[in-house]
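Numbering (this note's numbering), first residue to last: 399 to 874.
And the structure:
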């Protein structure tokens, strides 16, 4: 409100008094706020002369009455219904500057609704007068915001396991409001909970401090499912994720001045506590012979240490580096063999487990097609609070490329040295179907015990039609 005050006295005095244009501005209304929450309302004055610090009064206008709330200059200003709340600092004025203040009400009540008047007292020069502006603190609305988590209270996880949680959030207010939902993690060493990720009131997603890299890598996400479900997604948890997960909902309203104000918030009382099994304790090592003779049993041993619970194992094999691993056989934590791979359905394949933690894969009557790499995948299991078994930790190890060896008594090597080159001849005196396959010659050149060259010939496919004497020539 702008007031002009001029008195037609002499001209110099007239110019002095008319130079003051006092304007008091209180926050534009109507304002809708939620019962039980703190609110703040701004008020400032401009265009005054005199002392730089102004005094303010706030008055609540009801039908047929005005109720004094609080004053910066008079501690006894408050009317009876407000005197106790001002004395207990439940209602107070925060001074932002000499000419700007905030009225704070810590716990908004229904009777606080009405027309709110902000008054400043003019003390400059010879004139004393009241200057004011008012806003509407509209009907105090009920708190209808709800947030809940109904999932498991605890989970045992291993590093790399997926985690997905859901929070139910809703509001039944008649006003147009927006919701913001944030998932928090309170770790064992955290002084305060850390925000993981937020779905803001404008539906934008923001990662919390320290979670940005995982968010941009797709390892943390958040979705709104239907109208009330907010889902946290963590495809691969880390050891640092151990602690309590919970969600917080915040309700926002847009005021007439276009600014957004938080009017309510709720935090889930139920939460999920994650417990991690130390993945670093479980170790897997594989051992086997460097070479296997065709027709003999092939045995691969996988040794496990650092485990506390039951173990299971899955065996896989790939023929060469360019191929992918395929299943051979599995052994459950209860000791049951299952999931025999399609290539091994008619083979004599089995796997054993010793109490010491050794798993053995055995293939009877091995063939050249069994060459390549073998991998064991070991999982440790733990008992949940409901008695169910849950996979808690998984490690794997592979053999590396496995060399294949035939019975050398079936082969002979002939060497013919000539001035320009040397011929190496591999002879098979009594060839049989077992000698079928692909042959290759590898030549290593040394000088003074130092390898200077390594050359491998092309592959030569050999098919045996009938038993006889065959020879194969590799020329270098």
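For each residue, glycine too, the CB sits at the ideal point set by N, CA and C.
request  = Spell out a yes or no on whether the stretch 581–594 and the stretch 614–631 are touching, meaning 3 or more CB-CB pairs, one atom from each, closer than 8 Å.
outcome  = yes
ask   = Taking contact to mean at least 3 C-beta pairs separated by less than 8 Å, is the stretch 476–491 in contact with the stretch 417–427?
value = no
task = For residue 662, I'd like the list of residues in its chain whose CB is within less than 8 Å of its CB, leaving aside the five on either flank, ordered along the chain.
result = In the chain shown, residue 662 corresponds to position 264, counting from 1. Only 432, 435, 541, 543, 569, 648, 649 meet the Cβ criterion.
query = Out of curiosity, what's the CA-to-CA distance linking residue 769 and residue 613?
reply = Residue 769 sits at position 371 when you count from the first residue of the chain shown. Residue 613 sits at position 215 when you count from the first residue of the chain shown. Roughly 42 Å separates the two Cα atoms.
task = Reducing DSSP to helix, strand and coil, say where residue 582 ends up.
result = Mapped onto the chain shown, residue 582 falls at position 184. It is a strand residue.
message = Helix, strand or coil for residue 616? Go by DSSP, reduced to three states.
response = Here residue 616 corresponds to residue number 218 of the chain shown, with the count starting at 1. Looking at residue 616 - three-state DSSP - the assignment turns out to be coil, as it is neither helix nor strand.
query = Since residue 732 and residue 552 are thought to touch, with beta carbons under 8 Å apart, how far apart are those beta carbons, to the nearest angstrom?
reply = Here the question's residue 732 lines up with position 334 in the chain shown. Here the question's residue 552 lines up with position 154 in the chain shown. In fact, because the Cβ distance is near 24 Å, the residues do not count as touching under 8 Å.
inquiry  = Spatial neighbours of residue 619 within its chain, please: C-beta separation below 7 Å, excluding the five flanking residues on both sides.
reply    = Residue 619 sits at position 221 when you count from the first residue of the chain shown. Around residue 619: 631.
query = DSSP beta-bridge partners for residue 454?
reply = Here residue 454 is taken as the residue at index 56 of the chain shown, counted from 1. Answer is 518.
query = Taking DSSP as the reference, what is the three-state secondary structure of residue 508?
reply = Counting from one through the chain shown, the residue named residue 508 turns up at place 110. Residue 508 falls in the helix class under three-state DSSP.
request  = Would you give the residue range spanned by the beta strand (DSSP E) that residue 641 belongs to?
outcome  = Working through the chain shown from its first residue, we reach residue 641 at position 243. First-last of the beta strand (DSSP E) with residue 641: 641–652.
query = Three-state secondary structure (DSSP) at residue 699?
reply = Reading the chain shown from its first residue, position 301 is the one you call residue 699. DSSP places residue 699 in strand when its eight states are reduced to three.
key: Member of 779, 692, 585, 701 whose CA lies at the smallest distance from the CA of residue 639   = Walking along the chain shown from the start, residue 639 turns up at place 241. Residue 585 is the option with its Cα nearest to residue 639.
query = In chain order, which beta strand (DSSP E) runs of at least 3 residues are fully inside the stretch 735–784?
reply = 747–751, 756–761, 771–781
ask   = To which residues of the same chain is residue 596 closer than 6 Å at the C-beta, ignoring the five residues directly before and after it?
value = As a working mapping, residue 596 is identified with position 198 in the chain shown. Excluding sequence neighbours, residue 596 sits near 580, 604.
key: Stretch pair the stretch 480–495 + the stretch 460–468: three plus CB contacts closer than 8 Å   = yes
Distance CB(residue 725)-CB(residue 712) smaller than 8 Å = Locating residue 725 in the chain shown gives position 327, counting from the first residue. Locating residue 712 in the chain shown gives position 314, counting from the first residue. It is a contact, given that the beta carbons lie within the stated cut-off.
query = Starting from residue 484 and walking both ways along the beta strand (DSSP E), at which residues does that stretch end?
reply = Translated into positions along the chain shown, residue 484 becomes position 86. From DSSP, residue 484 is part of no beta strand (DSSP E) but of the alpha helix (DSSP H) over 478–485.
query = For residue 438 versus residue 502, is the C-beta spacing smaller than 8 Å?
reply = As a first step, residue 438 is located in the chain shown; it is residue number 40 there, counting from the start. As a first step, residue 502 is located in the chain shown; it is residue number 104 there, counting from the start. Contact flag set, yes.
query = Using the rule of at least 16 other Cβ atoms within 10 Å of the residue's Cβ for burial, across every protein chain shown, is residue 778 buried or exposed?
reply = Start at 1 with the first residue of the chain shown, and residue 778 comes out as number 380. Counting Cβ neighbours within 10 Å, residue 778 comes out buried, since at least 16 surround it.
request  = Taking 8 Å as the cut-off, decide whether the C-beta atoms of residue 702 and residue 758 are in contact.
outcome  = Translated into the one-based positions of the chain shown, residue 702 becomes position 304. Translated into the one-based positions of the chain shown, residue 758 becomes position 360. The answer is no: Cβ separation not under 8 Å.
key: Selection from 576, 643, 721 that minimises the alpha carbon distance to residue 658   = Reading the chain shown from its first residue, position 260 is the one you call residue 658. Taking only the C-alpha atoms, the option nearest residue 658 is 576.
Residue 571 and residue 429 closer than 8 Å at C-beta = For the purposes of this step, residue 571 is identified with residue 173 of the chain shown, where counting begins at 1. For the purposes of this step, residue 429 is identified with residue 31 of the chain shown, where counting begins at 1. It is not a contact, given that the beta carbons lie outside the stated cut-off.
key: Per DSSP, the bridge partner or partners of residue 726   = To locate residue 726, count along the chain shown from 1; it is residue 328. Beta-bridge pairing links residue 726 to no other residue.
Terminal residues of the beta strand (DSSP E) in which residue 442 lies = Counted from its first residue, the chain shown places residue 442 at position 44. It spans 437–444 - the beta strand (DSSP E) in which residue 442 sits, taken as one unbroken run.
ask   = Would you say residue 666 faces chain D, with C-beta separation under 8 Å as the test?
value = Looking at the structure shown, chain D is missing, and only one protein chain is on hand.
request  = Could you have a look at residue 786 and say whether DSSP puts it in helix, strand or coil?
outcome  = Here residue 786 is taken as the residue at index 388 of the chain shown, counted from 1. Correct three-state label for residue 786: coil.
query = Sorted by chain position, which residues of the same chain lie with C-beta nearer than 8 Å to residue 695's C-beta, five sequence neighbours on each side aside?
reply = Counting from one through the chain shown, the residue named residue 695 turns up at place 297. Here the set comprises 760, 761, 762, 763, 764.
ask   = With a Cβ-Cβ cutoff of 8 Å, do residue 535 and residue 511 count as a contact?
value = Counting from one through the chain shown, the residue named residue 535 turns up at place 137. Counting from one through the chain shown, the residue named residue 511 turns up at place 113. Closer than 8 Å, so yes.
key: Neighbourhood of residue 450 by C-beta distance below 6 Å, restricted to the same chain and skipping five residues each side   = Position 52 of the chain shown, counted from the start, is the residue given in the question as residue 450. Closer than 6 Å at Cβ, skipping near neighbours: 496.
query = With a CB to CB cut of under 6 Å and the five nearest residues on each side skipped, what residues in its chain are close to residue 504?
reply = Here residue 504 is taken as the residue at index 106 of the chain shown, counted from 1. For residue 504, where only same-chain residues beyond five positions count, the Cβ hits under 6 Å are 436, 488.
ask   = Taking the continuous beta strand (DSSP E) assigned at residue 716, which residues delimit it?
value = Looking up residue 716 in the chain shown gives position 318. Taken as a continuous stretch (DSSP letters only), the beta strand (DSSP E) holding residue 716 covers 709–716.
ask   = Going by beta carbon distance, what residues of the same chain come within less than 6 Å of residue 471, once the five residues before and after it are set aside?
value = Your numbering for residue 471 matches position 73 in the chain shown. Within the same chain, residue 471 has close Cβ partners 453.
task = Could you spell out where the beta strand (DSSP E) holding residue 663 opens and where it closes?
result = Here residue 663 refers to the residue found at position 265 when the chain shown is read from its first residue. Residues 658–665.
With 16 other Cβ atoms within 10 Å as the buried cut-off, status of residue 878 = No answer is possible for residue 878: it lies beyond the span of the chain, which begins at 399 and ends at 874.
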